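A quick write-up on the structure given underneath.
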Ligand SMILES: [Zn+2]
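This is the structure we're talking about:
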């Protein structure tokens, strides 16, 4: 759920956060980047994200610049990154290559197995949500030790998404939960 970072009472919250400039909202990037880096000093901020590239919009050069600067923050602050990527896998991987210590999750993944393979070969993780369920061949293809499960903006519950992914992979929900838990430890 998106919230306004300026309203977080850092002294009194034990919530955990992911903070970043989404590629569709990169206006006033300099100012926003300052806020992001201030937030990153708080221990409750566990991830940077969603950040990335979205080719449905034409300002790709600016998006690449803002993504790159946030990857630098991820490296400096040693935070893993949640990636928003629409039709820009090669461009995202090209930038990420310059920051080899930074771990990435590609969220809401619904590409073909071939694209998933590119991401796995680069050593990154994939997260599946409601819309990913249409790509059953990709879900069966991706190994358990590379999977996360998310609701994002979906109407159905996280339990339902776990159930469906487990069913596609032919494993129990319990086994899937254990795998995701292990992945969180590896990732965070
Ligand atoms: Zn997204």
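In our numbering, the protein residues as written are 304 to 491.
From the three backbone atoms N, C-alpha and C, an ideal C-beta is built for every residue, glycine too.
Only a predicted model underlies this, so the values are computations on that prediction, with no experimental measurement involved.
C-beta atoms of residue 442 and residue 468 nearer than 8 Å | yes
Ignore the nearest five residues each way along the sequence and tell me which others in residue 404's own chain have a CB closer than 7 Å to its CB.
-> 378
Buried or exposed: where does residue 383 fall if 16 or more other Cβ atoms within 10 Å of its Cβ makes it buried?
-> buried
Measure the alpha-carbon distance for residue 459 versus residue 437 and round it to whole angstroms.
-> 14 Å
Can you tell me which of the three DSSP states residue 343 falls into?
-> coil
Grab me the residues of residue 455's own chain with a C-beta within less than 6 Å of its C-beta, minus the 5 sequence neighbours each way, in chain order.
-> 411 and 432
Which residue spans inside the region 387-420 form an unbroken beta strand (DSSP E) run of at least 3?
-> 407-409
Helix, strand or coil for residue 328, going by three-state DSSP, please let me know.
-> coil
Ligand 2: which residues have Cβ under 6 Å from any of its heavy atoms, chain order?
-> Summarising the ligand content, the structure contains ligand 1 and does not contain ligand 2.
Anyone know if the C-beta pair for residue 391 and residue 447 falls short of 8 Å?
-> no
At which residue ranges does the region 433-472 contain complete alpha helix (DSSP H) runs of 4 or more residues, listed in the order of the chain?
-> 439-444 and 461-472
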